[in-house]
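A.B. asks:
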Amino acid sequence: KPLGKYGRLRRTYLKEQRPVLYHTMLLSGSLYPHLMEVEQTAESRMQQMMAELLKQNPAPDKAQNQLMWVQHMNSLKAQAEELVMTELIYS
Numbered sequence: 003k004p005l006g007k008y009g010r011l012r013r014t015y016l017k018e019q020r021p022v023l024y025h026t027m028l029l030s031g032s033l034y035p036h037l038m039e040v041e042q043t044a045e046s047r048m049q050q051m052m053a054e055l056l057k058q059n060p061a062p063d064k065a066q067n068q069l070m071w072v073q074h075m076n077s078l079k080a081q082a083e084e085l086v087m088t089e090l091i092y093s
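Under our numbering, the first residue of the sequence shown is numbered 3, with each subsequent residue one higher.
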């Protein structure tokens, strides 16, 4: 299965910022399973964070004001993604 966005970001981070760890994992064969685990964890964390943020900050009615709804959802997604990046990708 190909890597998703978060797995690729983690790989790039390891390659550029932690090259010794990257090469050790690559040579031992544990890099791809690690990247897949990060990908799956990040995806589930994003869904969980979006649900929590949506509960805290309810979105406007989509039928009446689509642009405000899209703006609100994009803002929540950016917040959730920032948290996921800090917790999983760049740690």
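Every residue gets a Cβ at the ideal spot worked out from N, C-alpha and C, and that includes glycine.
These figures come from a predicted structure and were not determined experimentally.
Tell me the DSSP secondary structure of leucine 5 in three-state form.
C.D. replies: Three-state DSSP puts leucine 5 in coil, outside helix and strand.
A.B. asks: Going by C-alpha to C-alpha distance, which of Tyr15, Pro35, Arg47 sits closest to leucine 5?
C.D. replies: Nearest of Tyr15, Pro35, Arg47 to leucine 5, Cα basis: Pro35.
A.B. asks: Judging by CA-CA distance, which residue of Glu41, Ser32, Lys57, Glu83 is the nearest neighbour of arginine 12?
C.D. replies: That would be Glu41, whose Cα lies nearest to the Cα of arginine 12.
A.B. asks: So what does DSSP say about glutamine 49, is it helix, strand or coil?
C.D. replies: Helix at glutamine 49.
A.B. asks: Can you tell me whether DSSP reads lysine 79 as helix, strand or coil?
C.D. replies: It is helical.
A.B. asks: Between methionine 75 and glutamate 84, what straight-line distance do the alpha-carbon atoms span, to the nearest angstrom?
C.D. replies: Answer to the nearest angstrom: the Cα atoms are 14 Å apart.
A.B. asks: At the level of alpha carbons, what is the spacing between tyrosine 24 and alanine 44?
C.D. replies: Their Cα atoms are separated by approximately 19 Å.
A.B. asks: Near arginine 47, which residues of its chain fall below 6 Å by C-beta distance, leaving aside the five closest residues on each side in sequence?
C.D. replies: Excluding positions up to five away in sequence, the list reads Val86.
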